[in-house]
Structure formats: structure tokens, C-alpha cells
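A.B. asks:
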Amino acid sequence: MLDKYIGVLLQYARQDRTPAYRLFSILAGTAVFLALLPGLLLAIAIWLTGSAIPAGPGTARNTLALFFIVSGLILLAWSVITQWMIGSGTPAPMAPTQRLIVKGPYRHCRNPIQLGAIIYYFGLGTLLADLKAGLVMFLLALALGSLYHKYVEEKELLLRFGDEYRAYRDRTPFLLPRFWRSGRK
569 MLDKYIGVLL QYARQDRTPA YRLFSILAGT AVFLALLPGL LLAIAIWLTG SAIPAGPGTA
629 RNTLALFFIV SGLILLAWSV ITQWMIGSGT PAPMAPTQRL IVKGPYRHCR NPIQLGAIIY
689 YFGLGTLLAD LKAGLVMFLL ALALGSLYHK YVEEKELLLR FGDEYRAYRD RTPFLLPRFW
749 RSGRK
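Convert by adding 568 to the 1-based position in the sequence shown; the result is the number in this note's numbering.
1) Specify, as a first and last residue, the run of the alpha helix (DSSP H) that T598 falls within.
2) When the distance is taken between beta carbons, is G672 closer than 7 Å to P664?
3) Do K700 and S647 have their C-beta atoms closer together than 7 Å?
4) Distance check for R728 and R582, CA to CA, integer angstroms please.
5) Taking Cβ positions, are P745 and L692 nearer each other than 7 Å?
6) In or out: Y719 buried (at least 16 other Cβ within 10 Å) or exposed?
7) Would V743 pass as a contact of N679 if the rule is Cβ separation under 7 Å?
8) Shortest alpha-carbon distance to M653 belongs to which of V638, I669 and S714?
9) The alpha helix (DSSP H) that contains L707, what's its start and end?
10) Comparing C-alpha positions only, which one of I649, G684, F636 and V704 sits nearest to P587?
11) Return the CA-CA distance between M662 and G684, expressed in angstroms with no decimal places.
12) Per DSSP, what kind of secondary structure is T665 in: helix, strand or coil?
13) Smallest Cα separation from L591: which of A735, E722 and Q651?
14) Leaving out five residues before and five after A709 in sequence, what residues of the same chain have Cβ atoms less than 7 Å from its Cβ?
15) Just to check my reading of the structure: I594 and A660 have Cβ atoms closer than 8 Å, yes? What is that Cβ distance to the nearest angstrom?
16) Pull up the distance between the alpha-carbon of V576 and that of R585, whole angstroms please.
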């Protein structure tokens, strides 16, 4: 079943998309990954932890939560802009990049969008419920995103970009950024 899905992704990757189509893909992805999915993850986190929606602004928890929300959104925006500008595409499977991106945030880790999203989800859960809910949202998104990237996206990228992706994969961490290069002066 995964092979069929990867085949569909490859078909989409071969099609040229207009800027308007790519913009629509980004807007749809924004709605799904910044609102709908976090809402679902928050509901699951509250159900699992028994957390309640907190009352009162201005706490240290809120400040911490806002720091993670803003940090995650900055990394997400940087990653999406890099895909648009360098890769002539988007994170959406229906309008993927046309080139392998190894610059910007992709220089430091292969999945900066997932990293930005899980940081954002942690902050959002912490702000809207509590630290436990934020942690559950972080862990659920980490697990789901990592499984998707490992078993779907990496296979698709290997088929699209071959040895170029293989070399990038071998030298660049999966999720935790590396801001230095070994052997570099």
C-alpha cells in the first residue's frame, strides 16, 4: 500500500505547478498543520492527560509557551520559503519541490518543517492546556511525523533524486540540527 502511495507522490512530483497552485497548496497545508491537526492532537492530549484549559494570562508557562510557538513558526516559515524560493515547490505532496534542497534550514537537518511543527505543537499545547498536554502533542507529532518521513518521504526522495539524496541523507541529521560541519575549518 505504501508503494502505491509513493507512486502517486511521484506522479505529482513530475507535474509542473503554477505559482497560484503552489500558493493554494501552502494555504491548505497551513490550515491543516497549524489548526486542524493541532486541534486534534490537543483533544487527544487533554483526553490522555486529563488536563484542563487553563485560566489567566501572564504566567511563566504562557511566556515559555509563546517562545516555543514563535520559534516553531519561524522555523516553519523559513523552511517553506526555502522550498518555494530554491526548490520551486511546497511541502505539500501535490506541489513538491522540483529540486533537492540542501540550503537554508535543510543544511542543518533533513526535516526542519517537522522540527518547527513539533516545537509549535509543544508551545500550543502548553499555552492552551498545560505542560503535560504540550509534551503529549510534541511526542505524538514526533512519532507520526518521523514514521511518515522515514517510510514514505525518504523512499520517494530516493526515487526522485537518487544518489544526490542518498549523499545528503548520509551527511545531514534526520531531525536534530547540526550547526557545524565535521572536518570544516
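Yeah, the Cβ is synthetic: ideal placement off N, Cα and C, and Gly gets one too.
Model, not experiment: these values are computed from the prediction.
C.D. replies: Taking the structure as given:
1) P587 to A599
2) no
3) no
4) 9 Å
5) no
6) exposed
7) Note that residue 743 corresponds to Leu in the displayed sequence, not to Val. Yes, the pair counts as a contact, with Cβ atoms nearer than the cut-off.
8) I669
9) L699 to Y716
10) I649
11) 21 Å
12) coil
13) Q651
14) L609, A685, I686 and Y689
15) 7 Å
16) 16 Å
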